[in-house]
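> Protein sequences appear in the order of chains A and B.
Each residue of the first sequence is one higher than the last, beginning at 1 in the working numbering.
Each residue of the second sequence is one higher than the last, beginning at 200 in the working numbering.
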Amino acid sequence: MKAPGHPVLLSRDEDGAVLLLALVFIVVIAVVLSSLLTLTGNDLLNSSNLRTQRSVEYAADGAADAAVQAVRYSESAYMGAPQACLPNTPPAGPPTSITVGAPGSPGVQITVDCGNGTRSRRSCLSRTVLPCVTRSVNVYACQGPGTCTVTSAHLQLQALVAFDDYSTTTNVLLCNRTSTATCGTGMAVESWVVRGSNS
Amino acid sequence: MAVVILSLSVVALMGALITSITSSGEQHSLVTLDTILRSYAETAKEQIQLQTTDPTFLNSCSADAASYNPITLPAGFTPSGFGTPAISSVDFLNPTTNAFTDDSAACASNGDDASVQQITVTDTAANNVNDTLSFVVTDPKYIATPVVVVSASPTAPTLGQTVVLTATVTVPSGDPPPTGAVTWTVTGPGPPITCGAAFTCTLTLPPVGSYTATASVAKDANYKASGPSAPLDFAVGSATPTVTVTSAVSTAAGVDTLTFKAVVAGPTGGPPFSETLGWTVTGPSGPLPCGTGSTPLSGTANPDTATCAVSPTVPTSMYSATAAYPAGDPNYTAVTSTPYTAAG
Numbered sequence: 001m002k003a004p005g006h007p008v009l010l011s012r013d014e015d016g017a018v019l020l021l022a023l024v025f026i027v028v029i030a031v032v033l034s035s036l037l038t039l040t041g042n043d044l045l046n047s048s049n050l051r052t053q054r055s056v057e058y059a060a061d062g063a064a065d066a067a068v069q070a071v072r073y074s075e076s077a078y079m080g081a082p083q084a085c086l087p088n089t090p091p092a093g094p095p096t097s098i099t100v101g102a103p104g105s106p107g108v109q110i111t112v113d114c115g116n117g118t119r120s121r122r123s124c125l126s127r128t129v130l131p132c133v134t135r136s137v138n139v140y141a142c143q144g145p146g147t148c149t150v151t152s153a154h155l156q157l158q159a160l161v162a163f164d165d166y167s168t169t170t171n172v173l174l175c176n177r178t179s180t181a182t183c184g185t186g187m188a189v190e191s192w193v194v195r196g197s198n199s
Numbered sequence: 200m201a202v203v204i205l206s207l208s209v210v211a212l213m214g215a216l217i218t219s220i221t222s223s224g225e226q227h228s229l230v231t232l233d234t235i236l237r238s239y240a241e242t243a244k245e246q247i248q249l250q251t252t253d254p255t256f257l258n259s260c261s262a263d264a265a266s267y268n269p270i271t272l273p274a275g276f277t278p279s280g281f282g283t284p285a286i287s288s289v290d291f292l293n294p295t296t297n298a299f300t301d302d303s304a305a306c307a308s309n310g311d312d313a314s315v316q317q318i319t320v321t322d323t324a325a326n327n328v329n330d331t332l333s334f335v336v337t338d339p340k341y342i343a344t345p346v347v348v349v350s351a352s353p354t355a356p357t358l359g360q361t362v363v364l365t366a367t368v369t370v371p372s373g374d375p376p377p378t379g380a381v382t383w384t385v386t387g388p389g390p391p392i393t394c395g396a397a398f399t400c401t402l403t404l405p406p407v408g409s410y411t412a413t414a415s416v417a418k419d420a421n422y423k424a425s426g427p428s429a430p431l432d433f434a435v436g437s438a439t440p441t442v443t444v445t446s447a448v449s450t451a452a453g454v455d456t457l458t459f460k461a462v463v464a465g466p467t468g469g470p471p472f473s474e475t476l477g478w479t480v481t482g483p484s485g486p487l488p489c490g491t492g493s494t495p496l497s498g499t500a501n502p503d504t505a506t507c508a509v510s511p512t513v514p515t516s517m518y519s520a521t522a523a524y525p526a527g528d529p530n531y532t533a534v535t536s537t538p539y540t541a542a543g
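What follows is the structure, encoded as structure tokens:
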């Protein structure tokens, strides 16, 4: 029983402070966790993007390589608008695109077109100066279907390749796509620009 | 309650941290693996496409990882903590789907071309992160459109001549000749013409008429399939027979008969003669007709014989005879013998 005239002593335990600390702790943890999860998510996404971008880039690289090899032994300078130039695999004829990817994976569809090429026979009449460039061909590799040009949204790679079409045996310009000795006896990659990574 | 919250928080924190660390490690491994695989791919492309010693490009549907492994790598190529990369599969471009397939049986059967191949390389890091990379290699002898050309020898054959058709695929100087089977399509008069799988097709005694020949050459270990060629049109023309006149004198019942004999011969094995031989016999008193005892060409033989019997009007005189094989026979051209002179 309380004595009259004396102040009442209230009970002051630490429940409120603990609750506050817990709340602060939870908020801090939540913020840290959120950041960590974002970071982790980004890490995982980056890993996936790295694999994807690398696959696309190398698929474009390989498809362009194949096209360059096909163009090398043809007499065409692809002087007009870009057109299909991948290897001509019988009986279907030259495809516009090929799908590159490890077995079991969906692969990456790459369209390769060649165009805007030039011929320069004047500098090669005597073939006294090497290299002798008779053709320069632009090779465009895009991800996905459709015509691939320098302005394509999915342009992955643009290469400019120069060819020497003087025969190794007769030393004359006799490119007739019947043999590797008459067309593309020399080749130089003048530029090889990978655009996918920066776009 | 607080203990539960704290525990959950710690677990979440630890989980997130571990995941982040793992992802970071995976990224680190991926980046390193990427560098390793790119370097390996460039090395492999260089060795497969450009060098003359193994592993060289194998233009065959039987090409597989073993065909190209191992790629020669410089010492210290692989950093510690990472395995040595290796080719894990070789795929062929399917011209129908324009995708690569590792089905070598389909490659061999459905017209796939082994001159364009996709090679996949794999490598694994110590933290079990593995990565693959696919790149494309092309037969260094690849020709966009190899051309097979058919030629005939002789170029303008005539009846009785053997015609040799030759399929030619031009290859680089010093390279081995193509060895793929040749499929011939030769059309012309007479029964169907069959040729073997060789690069030459011999037509023995082809009949007179127009012919068309094309050839396709199957792929082999070095070269892709080519053809069909542009059609070669040629004609076997008619032959010029030889007509040789001789004579004999016979006497019967006191009457002399001068018989001229003409032998008409075409090429050995050639068809018989369908036209009638014409005679011109001239004596001292003028032309003489062929009389009793004369025989025409049989029309069933080659060489064939015809005779012209005349009765000399002036004994001991000279008689001249020529035999002419007329135009009209599709197999033989007109020809006249040299004059033959005999005493009647």
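Note that CB positions come from ideal geometry on N, CA and C, so glycine has one too.
1) Would you grab the beta carbon distance between serine 219/B and leucine 33/A for me? Rounded to a whole angstrom, and I think it's under 8 Å.
2) According to DSSP, which residues form a beta bridge with cysteine 394/B?
3) Just to confirm, is the Cβ distance from threonine 367/B to alanine 438/B under 7 Å?
4) Counting only Cβ-Cβ distances shorter than 8 Å, please list the residues of the stretch 214-225 of chain B near chain A, keeping chain order.
5) Can you check whether the C-beta of arginine 135/A is within less than 7 Å of a C-beta belonging to chain B?
6) Could you tell me which of Val509/B, Thr319/B, Pro471/B and Pro466/B sits nearest to glycine 482/B, measuring between CA atoms?
7) In the DSSP assignment, find the beta strand (DSSP E) that holds alanine 351/B and state where it starts and stops.
8) Which residues of chain A have a Cβ atom closer than 7 Å to the Cβ of valine 335/B, listed in chain order?
9) Quick one: does serine 167/A have its CB under 7 Å from some CB of chain B?
10) When burial is assigned at 16 or more other CB atoms within 10 Å of the CB, is aspartate 432/B buried or exposed?
11) When you check each C-beta in the stretch 103-124 of chain A against every C-beta of chain B, which residues fall closer than 7 Å?
12) Please state whether the Cβ-Cβ distance between valine 24/A and alanine 64/A is less than 7 Å.
13) Once the 5 residues before and after serine 199/A are set aside, which same chain residues still bring their CB inside 7 Å of it?
14) So, do the stretch 512-531 of chain B and the stretch 458-465 of chain B have three or more beta carbon pairs nearer to each other than 8 Å?
15) Distance, Cα to Cα, glutamine 316/B vs valine 336/B?
16) Beta-carbon separation of threonine 491/B and threonine 506/B under 7 Å?
17) Among all the DSSP beta bridges, which residues are the ones paired with cysteine 114/A?
18) Note down, in chain order, every chain A residue with its Cβ under 9 Å from the Cβ of alanine 298/B.
19) Can you give the Cα-Cα distance for glycine 280/B and alanine 264/B, rounded to whole angstroms?
20) For chain A, find out if any of its Cβ atoms is closer than 7 Å to the Cβ of alanine 396/B; answer yes or no.
21) Whole angstroms are fine: how far does the CA of valine 133/A sit from the CA of leucine 44/A?
22) Assuming the contact rule is C-beta atoms closer than 8 Å, aspartate 322/B and isoleucine 235/B should be a hit. Round their C-beta distance to whole Å, please.
23) Report the option in Asp290/B, Leu402/B and Ser497/B whose CA atom is closest to the CA atom of threonine 386/B.
24) Kindly indicate if chain A contains any beta-carbon less than 7 Å away from that of leucine 332/B.
25) Give, in chain order, every residue of the stretch 35-57 of chain A whose Cβ lies closer than 8 Å to some Cβ of chain B.
26) The stretch 225-238 of chain B: which residues have C-beta closer than 8 Å to a C-beta of chain A, in chain order?
27) Kindly indicate the opening and closing residues of the beta strand (DSSP E) around alanine 505/B.
28) Identify every residue that forms a DSSP beta bridge with asparagine 486/B.
29) My output table needs one value for methionine 1/A: the three-state DSSP class, helix, strand or coil.
30) Does any CB atom of chain A fall closer than 7 Å to the CB of aspartate 263/B?
31) Mind checking if proline 231/A is an interface residue toward chain B, Cβ cutoff 7 Å exclusive?
32) To the nearest angstrom, how far is the alpha carbon of isoleucine 26/A from that of glycine 41/A?
33) Taking one C-beta from the stretch 279-296 of chain B and one from the stretch 92-106 of chain A each time, how about it: are there three or more such pairs within less than 8 Å?
34) Find the nearest neighbour of isoleucine 110/A within the set Leu86/A, Asn116/A and Ser120/A, judged by alpha-carbon distance.
35) Go ahead and pull the three-state DSSP assignment for serine 259/B.
36) At the 7 Å Cβ level, is proline 87/A part of the contact set with chain B, yes or no?
The short version:
1) What you label residue 219/B is simply residue 20 of the second sequence in a count that begins at 1. What you label residue 33/A is simply residue 33 of the first sequence in a count that begins at 1. About 11 Å separates the two Cβ atoms, so there is no contact after all.
2) For the purposes of this step, residue 394/B is taken as residue 195 along the second sequence, with counting starting at 1. In the DSSP assignment, cysteine 394/B forms no beta bridge with any residue.
3) Numbered from 1 along the second sequence, position 168 holds the residue referred to as residue 367/B. Numbered from 1 along the second sequence, position 239 holds the residue referred to as residue 438/B. No, Cβ-Cβ distance for threonine 367/B and alanine 438/B is not below 7 Å.
4) Hits within the stretch, in order: Ala215, Leu216, Thr218, Ser219, Ser222, Ser223 and Glu225.
5) Counting from one through the first sequence, the residue named residue 135/A turns up at place 135. Not closer than 7 Å to any Cβ of chain B, the Cβ of arginine 135/A fails to qualify, so no.
6) For the purposes of this step, residue 482/B is taken as residue 283 along the second sequence, with counting starting at 1. Across the set Val509/B, Thr319/B, Pro471/B and Pro466/B, the C-alpha of Val509/B shows the shortest separation from the C-alpha of glycine 482/B.
7) Here residue 351/B corresponds to residue number 152 of the second sequence, with the count starting at 1. According to the DSSP assignment, alanine 351/B belongs to the beta strand (DSSP E) that extends over 347-352.
8) As a first step, residue 335/B must be located in the second sequence, where it is residue number 136. Gly62, Ala63, Asp65, Ala66 and Val100, listed in chain order.
9) Position 167 of the first sequence, counting from 1, holds the residue named residue 167/A. Chain B contact via Cβ: absent.
10) Here residue 432/B corresponds to residue number 233 of the second sequence, with the count starting at 1. Burial call: exposed.
11) Cβ contacts with chain B come from Pro103 and Gly107.
12) Counting from one through the first sequence, the residue named residue 24/A turns up at place 24. Counting from one through the first sequence, the residue named residue 64/A turns up at place 64. Taking 7 Å as the Cβ cut-off, valine 24/A and alanine 64/A do not qualify as a contacting pair.
13) For this step, residue 199/A is matched to residue 199 along the first sequence. Reliability fails at serine 199/A, whose pLDDT of 42 lies under 50, so the model's placement of it is uncertain and the value that follows must be treated cautiously. Answer for serine 199/A: no residue qualifies.
14) By the Cβ test, the stretch 512-531 of chain B is in contact with the stretch 458-465 of chain B, since at least three Cβ pairs between them sit closer than 8 Å.
15) Position 117 of the second sequence, counting from 1, holds the residue named residue 316/B. Position 137 of the second sequence, counting from 1, holds the residue named residue 336/B. The alpha-carbon atoms of glutamine 316/B and valine 336/B are separated by roughly 5 Å.
16) For the purposes of this step, residue 491/B is identified with residue 292 of the second sequence, where counting begins at 1. For the purposes of this step, residue 506/B is identified with residue 307 of the second sequence, where counting begins at 1. No, these two residues do not count as a Cβ contact at 7 Å.
17) Sequence index remark: in the first sequence, residue 114/A carries index 114 (1-based). Answer is Gln83/A and Val139/A, bridged to cysteine 114/A.
18) The residue given as residue 298/B occupies position 99 in the second sequence. In chain order, Ile98, Thr99, Val100, Gly101, Gly107 and Gln109 make up the part of chain A whose C-beta sits under 9 Å from the C-beta of alanine 298/B.
19) Along the second sequence, one-based indexing puts residue 280/B at 81. Along the second sequence, one-based indexing puts residue 264/B at 65. Their backbone Cα atoms lie some 24 Å apart in a straight line.
20) On the second sequence, residue 396/B is found 197 positions in, with the first residue counted as 1. No, its Cβ sits nowhere closer than 7 Å to a Cβ of chain A.
21) Stepping through the first sequence from its first residue, residue 44/A is reached at position 44. Stepping through the first sequence from its first residue, residue 133/A is reached at position 133. CA-CA distance, leucine 44/A to valine 133/A, rounds to 47 Å.
22) Taking the first residue of the second sequence as 1, we reach residue 322/B at position 123. Taking the first residue of the second sequence as 1, we reach residue 235/B at position 36. The C-beta distance from aspartate 322/B to isoleucine 235/B rounds to 6 Å, short enough to fall under 8 Å.
23) The residue labelled residue 386/B in the question sits at position 187 within the second sequence. The shortest C-alpha separation from threonine 386/B is found at Leu402/B.
24) Position 133 of the second sequence, counting from 1, holds the residue named residue 332/B. Yes - at least one Cβ of chain A is within 7 Å of the one on leucine 332/B.
25) For the stretch 35-57 of chain A, residues whose beta-carbon sits nearer than 8 Å to a beta-carbon of chain B comprise Leu36, Leu37, Leu39, Thr40, Asp43, Leu44, Asn46, Ser47, Leu50, Arg51, Arg54 and Ser55.
26) Listed in chain order, the positions of the stretch 225-238 of chain B with a beta carbon within less than 8 Å of a beta carbon of chain A are Glu225, Gln226, Leu229, Val230, Asp233 and Arg237.
27) Within the second sequence, residue 505/B is the residue found at index 306, counting from 1. Element bounds for alanine 505/B: 503-509.
28) Locating residue 486/B in the second sequence gives position 287, where the first residue counts as 1. According to the sequence as given, residue 486/B is proline; it is not asparagine. For proline 486/B, which the question treats as bridged, DSSP gives the partners Thr481/B.
29) The count along the first sequence starts at 1 and reaches residue 1/A at position 1. Any reading at methionine 1/A must be qualified, since the residue scores a pLDDT of 47, below 50, and its modelled position is unreliable; no value is offered.
30) Locating residue 263/B in the second sequence gives position 64, counting from the first residue. At a cut-off of 7 Å between beta-carbon atoms, aspartate 263/B makes no contact with chain A.
31) Residue 231/A cannot be examined here, being either before or after the span of chain A that is shown, 1 to 199.
32) As a working mapping, residue 26/A is identified with position 26 in the first sequence. As a working mapping, residue 41/A is identified with position 41 in the first sequence. So the two alpha carbons sit approximately 21 Å from each other.
33) The stretch 279-296 of chain B vs the stretch 92-106 of chain A: in contact.
34) One-based indexing of the first sequence puts residue 110/A at position 110. Per the Cα distances, Leu86/A.
35) Here residue 259/B is taken as the residue at index 60 of the second sequence, counted from 1. In the three-state DSSP reduction, serine 259/B falls in the coil class, being neither helix nor strand.
36) For the purposes of this step, residue 87/A is taken as the residue at position 87 of the first sequence. Closer than 7 Å: yes.
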